[in-house]
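See below for the structure under consideration.
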Ligand SMILES: [Zn+2]
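Numbering (my numbering), first residue to last: 111 to 563.
Pasting the structure below:
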């Protein structure tokens with residue numbers, strides 16, 4: 111292929127991707143059915159996380175490549191700088207500067223306008239159980255008890271956690287209903303939270319919370335009504351402390367953290383029998399929890415939510431290509447929950463909003479999640495003074511709003527990622543063109559010399 115035609119094709123590819131991407135994205139964001147919209151919401155959320163992962167991980171590499179190639183190019187054209195070349199250079203530099211400024215800044219963005227649902231509590235308490243480091247597939251392969259409960263409960267095809275796919279950021283998102291880019295916890299490092307979480311919102315309404323699990327949970331102890339029982343517990347210890355304290359504390363939100371699958375996964379990999387056994391242990395404890403609630407006669411006024419903070423790929427999950435570790439399980443059981451129902455799924459930040467819906471709490475300030483109304487039984491919906499149709503309408507409108515926000519996010523991160531990738535390529539093309547030109551010039555000169563002789 112001639113160089114000129116190669117350049118032409120490459121340029122066409124670059125410009126086409128930059129121009130077509132927003133259109134493809136826009137078309138993808140359309141939909142009308144609840145399940146279809148839920149699926150798209152998750153896909154768009156995963157896409158967003160993947161772009162952020164790409165920008166954060168490859169920015170430096172591509173920046174170095176760009177600067178290096180640029181220097182080579184400048185050296186090769188120093189004799190005859192043409193206007194066009196200067197313009198191209200200016201464009202290249204300014205777009206990279208723009209990308210750098212963006213990548214370096216923390217974007218704080220609000221999703222859809224706050225959906226002020228204030229309704230009566232549907233239940234007295236919500237128990238959230240997290241299997242640390244348990245991806246959607248690994249979970250459903252090993253939870254015999256939970257599977258046996260499916261006829262009287264509700265599950266998501268898949269849920270999705272946030273990027274970075276690590277414990278503290280994911281938990282903070284689960285409790286605040288915002289992305290790490292908003293709540294600021296991006297590492298496994300404890301820090302002072304600047305946004306509200308469900309426990310604080312509950313405390314303001316006079317409700318108590320009880321959190322049992324790893325020491326990092328102390329981060330959420332921001333009110334006297336929030337009790338944190340923490341230590342390096344085995345799942346059985348977590349269960350034990352829940353049983354011992356639940357009557358004393360009488361909490362409305364109970365959070366139980368089962369760390370074992372994550373620890374075992376890091377040590378033995380997800381392929382090991384040890385990892386499967388750790389998940390099975392947690393599944394067995396869910397059975398204990400459900401039995402305990404039944405014994406207490408709390409079934410009608412309690413909801414149990416089981417999910418995970420992130421998945422695991424072989425023996426790691428930190429900075430792994432997001433689609434490999436970002437899908438998590440979600441299982442919900444309780445008196446007001448629809449029976450034998452599978453919905454397409456939701457984000458971890460939607461679980462926050464759903465807990466608020468169940469307890470009749472306002473969403474935490476800055477919560478970007480939307481409640482999953484689909485999981486409610488017909489009687490519960492009736493109690494809210496609504497019917498299945500009207501609630502579906504509400505769900506569709508909130509899903510559309512959330513998808514619109516994700517469209518904007520993906521547009522931005524996607525175009526940045528494309529630019530980041532193409533710019534070093536453009537400069538490389540310019541260099542090759544320059545080298546070819548020179549070679550031609552040399553050949554012409556040589557042939558002239560031959561002629562003169
Ligand atoms: Zn974790």
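C-beta: ideal position from N, C-alpha, C; glycine also.
Roughly how many angstroms lie between the CA atoms of residue i and residue j, to the nearest whole one?
{"i": "residue 300", "j": "residue 360", "result": "27 Å"}
{"i": "residue 162", "j": "residue 337", "result": "35 Å"}
{"i": "residue 473", "j": "residue 539", "result": "52 Å"}
{"i": "residue 128", "j": "residue 172", "result": "18 Å"}
{"i": "residue 560", "j": "residue 553", "result": "10 Å"}
{"i": "residue 398", "j": "residue 123", "result": "58 Å"}
{"i": "residue 516", "j": "residue 348", "result": "37 Å"}
{"i": "residue 232", "j": "residue 448", "result": "13 Å"}
{"i": "residue 461", "j": "residue 149", "result": "16 Å"}
{"i": "residue 492", "j": "residue 369", "result": "38 Å"}
{"i": "residue 200", "j": "residue 544", "result": "18 Å"}
{"i": "residue 326", "j": "residue 310", "result": "16 Å"}
{"i": "residue 406", "j": "residue 418", "result": "26 Å"}
{"i": "residue 158", "j": "residue 524", "result": "8 Å"}
{"i": "residue 223", "j": "residue 160", "result": "Confidence is the limiting factor: at residue 223 the pLDDT is only 41, short of 50, which leaves the residue's position unreliable, though a coordinate-based value still follows. So the alpha carbons of these two residues sit roughly 25 Å apart."}
{"i": "residue 537", "j": "residue 125", "result": "15 Å"}
{"i": "residue 335", "j": "residue 131", "result": "49 Å"}
{"i": "residue 295", "j": "residue 286", "result": "11 Å"}
{"i": "residue 548", "j": "residue 187", "result": "10 Å"}
{"i": "residue 459", "j": "residue 256", "result": "23 Å"}
{"i": "residue 221", "j": "residue 177", "result": "Here the model assigns residue 221 a pLDDT of 41, short of 50, so the residue's position is not dependable and the matter cannot be decided."}
{"i": "residue 179", "j": "residue 535", "result": "9 Å"}
{"i": "residue 533", "j": "residue 185", "result": "18 Å"}
{"i": "residue 121", "j": "residue 476", "result": "42 Å"}
{"i": "residue 351", "j": "residue 501", "result": "38 Å"}
{"i": "residue 396", "j": "residue 343", "result": "16 Å"}
Would you mind working out which of the options sits nearest residue i, comparing C-alpha positions?
{"i": "residue 272", "options": "505, 457, 498", "result": "457"}
{"i": "residue 268", "options": "545, 536, 455", "result": "455"}
{"i": "residue 363", "options": "489, 471, 144", "result": "471"}
{"i": "residue 499", "options": "450, 120, 354, 144", "result": "144"}
{"i": "residue 505", "options": "467, 408, 185", "result": "467"}
{"i": "residue 375", "options": "395, 387, 425, 402", "result": "425"}
{"i": "residue 452", "options": "261, 286, 164, 174", "result": "261"}
{"i": "residue 414", "options": "465, 383, 501, 317", "result": "465"}
{"i": "residue 463", "options": "307, 396, 323, 421", "result": "307"}
{"i": "residue 167", "options": "351, 246, 395, 527", "result": "527"}
{"i": "residue 379", "options": "142, 251, 422", "result": "422"}
{"i": "residue 510", "options": "403, 340, 136", "result": "136"}
{"i": "residue 152", "options": "513, 197, 240, 486", "result": "513"}
{"i": "residue 340", "options": "365, 519, 317", "result": "365"}
Report task. Please write down, chain order preserved, every residue whose beta carbon lies under 7 Å from a heavy atom of ligand 1. Result -> So the residues near ligand 1 by this Cβ test are 242, 243, 276, 277, 280, 372, 419, 420.
Report task. Could you name each continuous alpha helix (DSSP H) segment of 4 residues or more that falls completely within the region 476–563, going from the start of the chain to the end? Result -> Those alpha helix (DSSP H) runs which fall completely within the region 476–563 and span 4+ residues are 488–493, 498–562.
**Report entry** Secondary structure, alpha helix (DSSP H): runs of 4+ residues fully inside the region 258–320
**Finding:** For the region 258–320, the full-length alpha helix (DSSP H) segments reaching 4 residues or more read 277–286, 290–293, 308–314 along the chain.
Requested in this report: For the region 379–411, list the alpha helix (DSSP H) runs that are entirely contained and at least 4 residues long, ordered along the chain.
Outcome: DSSP runs (the alpha helix (DSSP H)) wholly in the region 379–411: 383–406.
Requested in this report: With a floor of 3 residues, list each beta strand (DSSP E) that falls wholly inside the region 408–468, ordered by position along the chain.
Outcome: Counting only runs that start and end inside the region 408–468, the beta strand (DSSP E) elements of at least 3 residues fall at 412–418, 440–444, 451–457.
Query - Within the region 333–359, ranges of the beta strand (DSSP E) (whole runs, at least 3 residues) - result: Those beta strand (DSSP E) runs which fall completely within the region 333–359 and span 3+ residues are 336–340.
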